[in-house]
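Below is one structure, written out as structure tokens; the observations come after it.
6 protein chains.
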Amino acid sequence: MNAPLRIEAGEVIDWIVFDRPEAANALSTPLLDALSEALVRLRDSGAPVIGIRGAGKGFSAGVDLSEYNAAATPTADAARLRRNVERWLDIWRHPKPVIVAVHGFCMGIAAQLPSFADITLVAEDARIGEPGIPLGGGFIAPTWVSQVGAKRAKELALIPGNHVTGAEAAAWGWANAAVPADRLVACAEALAERMALIPAPVLAMKKLSINRAMEAQGFLASVNAIAESDAILHLEPSVLALRQDIASLGLKAVLARFAGPRSQQILTQSGRKTIDG
Amino acid sequence: MNAPLRIEAGEVIDWIVFDRPEAANALSTPLLDALSEALVRLRDSGAPVIGIRGAGKGFSAGVDLSEYNAAATPTADAARLRRNVERWLDIWRHPKPVIVAVHGFCMGIAAQLPSFADITLVAEDARIGEPGIPLGGGFIAPTWVSQVGAKRAKELALIPGNHVTGAEAAAWGWANAAVPADRLVACAEALAERMALIPAPVLAMKKLSINRAMEAQGFLASVNAIAESDAILHLEPSVLALRQDIASLGLKAVLARFAGPRSQQILTQSGRKTIDG
Amino acid sequence: MNAPLRIEAGEVIDWIVFDRPEAANALSTPLLDALSEALVRLRDSGAPVIGIRGAGKGFSAGVDLSEYNAAATPTADAARLRRNVERWLDIWRHPKPVIVAVHGFCMGIAAQLPSFADITLVAEDARIGEPGIPLGGGFIAPTWVSQVGAKRAKELALIPGNHVTGAEAAAWGWANAAVPADRLVACAEALAERMALIPAPVLAMKKLSINRAMEAQGFLASVNAIAESDAILHLEPSVLALRQDIASLGLKAVLARFAGPRSQQILTQSGRKTIDG
Amino acid sequence: MNAPLRIEAGEVIDWIVFDRPEAANALSTPLLDALSEALVRLRDSGAPVIGIRGAGKGFSAGVDLSEYNAAATPTADAARLRRNVERWLDIWRHPKPVIVAVHGFCMGIAAQLPSFADITLVAEDARIGEPGIPLGGGFIAPTWVSQVGAKRAKELALIPGNHVTGAEAAAWGWANAAVPADRLVACAEALAERMALIPAPVLAMKKLSINRAMEAQGFLASVNAIAESDAILHLEPSVLALRQDIASLGLKAVLARFAGPRSQQILTQSGRKTIDG
Amino acid sequence: MNAPLRIEAGEVIDWIVFDRPEAANALSTPLLDALSEALVRLRDSGAPVIGIRGAGKGFSAGVDLSEYNAAATPTADAARLRRNVERWLDIWRHPKPVIVAVHGFCMGIAAQLPSFADITLVAEDARIGEPGIPLGGGFIAPTWVSQVGAKRAKELALIPGNHVTGAEAAAWGWANAAVPADRLVACAEALAERMALIPAPVLAMKKLSINRAMEAQGFLASVNAIAESDAILHLEPSVLALRQDIASLGLKAVLARFAGPRSQQILTQSGRKTIDG
Amino acid sequence: MNAPLRIEAGEVIDWIVFDRPEAANALSTPLLDALSEALVRLRDSGAPVIGIRGAGKGFSAGVDLSEYNAAATPTADAARLRRNVERWLDIWRHPKPVIVAVHGFCMGIAAQLPSFADITLVAEDARIGEPGIPLGGGFIAPTWVSQVGAKRAKELALIPGNHVTGAEAAAWGWANAAVPADRLVACAEALAERMALIPAPVLAMKKLSINRAMEAQGFLASVNAIAESDAILHLEPSVLALRQDIASLGLKAVLARFAGPRSQQILTQSGRKTIDG
């Protein structure tokens, strides 16, 4: 098996690249373990800035369905979900600035990660949001609240398969900026080049100090209880029935059941421009 | 007397319709009691989504002036105001998603309610804001802080009769979106139709989990002390004088004293476009 | 020596004017002391609204470099920085609404002050942001988090000399509005004129009540630990080396080392419009 | 069926008496519904103080095992548990002071209730603590944290069937005082007699104001996520196995498996006095 | 008029002595102003430790009744009460350790002050608690919550004229220790002598850092809304009636109406020892 | 070099034993690294309960003086201190209950660790507290606040070399219980034996749920800013002078300068019993 992740070492930015394009960069345990290891390794060596992006057509489609709910027991399932959040907190607590560059698709738990990074750049045509089938819930959108507020987090969460474009995500404050897809990496690197001029201990303290302001406003507590919500839903009969249907009818058939316009399409279907249009 | 509120039962959304158009849907105690009862009744029956809107020319003009400050004592007054917030928290804690559709006028305590709902849609030409005469204070704008921030909450609160249009409210993040008035209900129903595809227990957990993120960030505490501020102002000589003037000179005369441009007009009077223009 | 600050008393607004244009209105201790005294004096007398602006070409360039890090010991340095925040909190706690009108440059600690004021107006072409040389850190950007979120606070903080225009600051929610520079004072006064119609005790309670909502959401705690971060960096070898270089090579040479495009230029260099363009 | 609860109306205190002595006052849904109704009824009528106690040999043995985990689905189970906390919050939010008088046994969810009351009196020989078999968890002890701290909450929670005597509970600050069992009701009534001298609106505000101090310190958030923890454990294989064993081997046999000294016995077994001895 | 307060300058401790023994050291505005001034003056000069005590038979009887509710309007009354809390916060924020030595009586707002000091010593026979007539409420006990918990704060607050002895206050954690009255000052000075060995900047940082831990746990927010509660009660008819009765019947007659045993007497009246026996 | 730490594997408890008795179990980096590794290794293997104790005459004397302030720069020093707290948080977040058994001396950072453990047992004659020379500050006592309150945390912190006995620590709630030194390990094991009867997933959830209640009340934020305080003091001239004096005059001479009675001795020197006596 190939490594699920590769490092592109640079002078001002080390890129951690999710490298399972054949699996839509699904966040398998090996990939997540490799991410955690890379973050540890880059603490004391490497370039002054870290970037995270995906290889191929998109950032990541989220959880690896082949591992989904594989945990043997409900508490093991909840522990697995909490472990996920702990991995994102390693980004939050990392001494170096972390820039996430999102292109293509960024769904489910892959859309959690940027909430814990320092700078998020998105391709204008990226798609960011919920999985197409509601096989769980209460795990992802709460991490968006401090970026986009409760109303927009709910708009994204309460509609099956809902998502926003990169341009919308930037207008909402979920991302710092939306740029043309072909300029995404260049923009991240240009920012990193500027950041690299600041002495590393100053960069680290600036990041830490802003994170603390967020923590004083309840950020850590707000990402705390999300694992249990999802673990409970994984055992809900209606969700188990969906899983059964996927097994018997196929993913496509079940996806079709939930297909439909996303909220921003509904809200602008009168021909008016979208907010970022 | 007619019922102050009617329910329009639907398959995907049950509309709670404020139905006192002759009184600008003023939130009288009977109307509020009917709202509370409807919310209880819809916990375990009815459509998967709840909508709230107003009949006639607007959503609601706010407090019923005939009841205003009718409470016999200052603590009874404060208790009445706290009771109001408790009613809104019944929306917050309701297991179903609640969509508020605001058109026309939405003033005073009517502009509190949406802070506790899940999705807020506004007609582009709606007017949202403070009552025209400062007969109290410190009660409404604090509930907006987590949506629009302190600076904009203050901009709305510190100018008599200040308000924003629906389009501005959406640009500020107070509402999810502003749509043409004649598409308001249709948009809410289209969102509800999509939401209804998600199993009810999953919907409930998704809402709960995002609310918890807000609560971890102080939401409940932030709406906690607002009743006392208002109750004190109700006894302030300058406010009592205004009430006297209304009684002796008439509402119109006192309203005229506070009339003037709203903040967004002042800030764009140089002919430049408004932020949402 | 001339007074570093003058009061322009008005009927609806008393302007506190930073008046060291020859020193770019640098916030020297005498100037800050005069500000503190003015705020005390205006508690019980004067116009119902307070304005703060700068004389000359800009609002303020921030710390007075001649005093920078003059404190004899690290704890004295931290105490000096905490004292600064206490001065801003006098604005936060003041019974009157405080409007800050920012034009030209507003750098470093001068860009902290508006986080504690009630209404912030900016000239469209103002420049707001970080000092050009990273001689400290973790002190300013954390105070912006509740206005612009962590991602944008980091975007401003992690790039040397980064800043936004007034128009961008308004689009981000850092300011209430951006107006043409020649209309800045007139706009503030027009808002003040409207505010002045509200009885003073009502104004005071409205401000207090919104501030409390912010405090319930952690605002005070979030501005609490910033002094120590900066004081530590003031002793960091890399920062001491910069100070040495400034002494030996001159400010210009060191500034040049950090010169480069600001983040919004980088993110829009593909020729697309800026977010506020 | 007899009413599960009776009211003993008095001049200074109305007693709500759990009245299922034959079932160890297990908190069945009818009993809890009757409690909720009584609290509503006593808002605007009755004596100025409310008391809660149990009839027969003890306060309450906790959950009604015949209803235990009867909820059809995990989310319904979690909702049932949250509903429980909401009932306790009706005590917390009640305008009248609520005195709980605990004698005999007070186990499981019955030991949650006093965390939400104003004054807790205990009989010196009462037993307060965890159920004898760990059929769930994470639901009760977290509500004790603000009274006894995390260390003692854990001491109670992490040992099967652990409990403290009334005397120990008072020494720990869980209760206001421990008194001889035969003086429990008289003491409560003597306190109520004194309280009744204070005008009701003053009493209500004093209670509210102290509760707010607790809420500002995170009380509501701290009782927020406890339902999900328990609901997950109800589905845990090890817990399901215990339930199976109870069904097949009988309650006694399974209880015996967990029998053993309580923590305070272990920690004082060297013959030294207990902390309250 | 004599100065209401005197400073006893020492080498290791400067005593601020409330010096209105003829008025039971009632906290008149001149006395409070003198306290505020003394705290400012002692920031940069004087001994390394500050002590606060009362001259004569007790610490202080609380508010100066001759000034009580003298404020012309409800908002002025609330502002006066908030001003009081601000004075206590000057103790909280003072760079030097502040030891309060309480003897004799310490009632009403005088019992707030120690919540903001660093070390509280009490004479064993001191009396600490509520005023004898409930002329307000919700102002004092909330400041005790972080020291004694909600249950004991309520026990003190909900009974007219309730109080604890110094010995009980120490057992509850309200004070660091109770000592014989004749050793109170000597004990404070012995502690100060030891503290004075620590370099002043280290002392200041140690105090600041512990205060921050309290603030992170909501201390400032918890003392925030107390003024409004009291101001509302000052206008409550039942309270106004009491004031009328005092005017017409005399203080003694009204005091007698509320006289009775304090809670600790009630709870130990069976002849058993008090907790601090 | 011998391993600084050994594991005593048991059936119900695995003991992590600090094993540098010749160095008073000073917490050197190798020892702390071994602790971190042990905690990771025991996540998924070993006994259901973890114990931590010290070999030889005491638990630990705290920081390893040979490493003290060895960090090359102030930010590296702060990072080292934060790293320490992160290690303790690994105990906090560990899925297994952790019992700390403290005997003999437990000074400085060694007295932080128990704040993050689940159960703390102390030998009656243990000594817990501050280092004998104030070479830093603001780092240790803040972690005690949620156990003993601010007043007692300050009493310990503001007096050089101050400490409490194990018996006092238990009476203050810092520890669950004080037992005779020769029964310390047996008591811990007896508790562990009882805990081991609860299924591991239930134990883990019970611990997690109580920790969450603490986190909702600000625990994580309260341990957040302590590193910077200490790092600043490490650079304070008065502290550097002390270090100089130690180097030139010897540790003993400097220790003697700060020697004196501890606070509990001062407060009970009148011959009365100590609170735990």
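Residue numbers (our numbering), protein chains in the order written: chain A, 1 to 277; chain B, 278 to 554; chain C, 555 to 831; chain D, 832 to 1108; chain E, 1109 to 1385; chain F, 1386 to 1662.
Idealized CB from N, CA, C, for every residue including glycine.
Being a predicted model, the structure only gives us computed values, none of them experimental.
Residue i classed as buried or exposed, judged by whether at least 16 other C-beta atoms fall within 10 angstroms
{"i": "Q1629/F", "result": "exposed"}
{"i": "K1442/F", "result": "exposed"}
{"i": "N439/B", "result": "buried"}
{"i": "D845/D", "result": "buried"}
{"i": "N211/A", "result": "buried"}
{"i": "T75/A", "result": "buried"}
{"i": "G381/B", "result": "buried"}
Cβ shell of residue i (< 6 Å), same chain only, five flanking positions each side left out
{"i": "A855/D", "result": "A892"}
{"i": "I883/D", "result": "I847 and V931"}
{"i": "A1283/E", "result": "T1228, V1230 and A1277"}
{"i": "P852/D", "result": "A886 and G887"}
{"i": "T1528/F", "result": "Q1497, S1500 and V1608"}
{"i": "S802/C", "result": "none"}
{"i": "A707/C", "result": "A695, W698 and V699"}
Whole-angstrom C-beta distance between residue j and residue i, which should lie under 8 Å
{"i": "L121/A", "j": "A188/A", "result": "6 Å"}
{"i": "A886/D", "j": "F849/D", "result": "6 Å"}
{"i": "A957/D", "j": "V933/D", "result": "5 Å"}
{"i": "T350/B", "j": "P1032/D", "result": "7 Å"}
{"i": "E1540/F", "j": "V1397/F", "result": "The Cβ separation is near 37 Å, so there is no contact."}
Contact check, residue i vs residue j, beta carbons under 8 Å
{"i": "P325/B", "j": "M482/B", "result": "no"}
{"i": "S792/C", "j": "G692/C", "result": "no"}
{"i": "A493/B", "j": "N84/A", "result": "no"}
{"i": "L1652/F", "j": "D1226/E", "result": "no"}
{"i": "L304/B", "j": "L1051/D", "result": "no"}
{"i": "G1326/E", "j": "G1603/F", "result": "yes"}
{"i": "A732/C", "j": "A721/C", "result": "yes"}
{"i": "I1158/E", "j": "K1204/E", "result": "yes"}
{"i": "R924/D", "j": "A1058/D", "result": "no"}
C-beta neighbour in chain E for residue i, strict 8 Å
{"i": "L512/B", "result": "yes"}
{"i": "T627/C", "result": "yes"}
{"i": "C937/D", "result": "no"}
{"i": "N1007/D", "result": "yes"}
Residue-chain proximity (residue i, chain C), Cβ-Cβ < 8 Å
{"i": "A1610/F", "result": "yes"}
Cβ-based neighbour list, residue i, same chain, cut-off 7 Å, excluding 5 preceding and 5 following
{"i": "L796/C", "result": "I687, L689 and V808"}
Same chain, Cβ closer than 8 Å to residue i, five either side skipped, listed in chain order
{"i": "G385/B", "result": "A338, G339, V340, E407, P408 and I417"}
Beta carbon proximity, residue i to chain F, threshold 8 Å
{"i": "M1303/E", "result": "yes"}
Contact with chain D by residue i, beta-carbon distance below 8 Å
{"i": "S1356/E", "result": "no"}
Closer than 8 Å to chain B by CB, residue i
{"i": "A785/C", "result": "no"}
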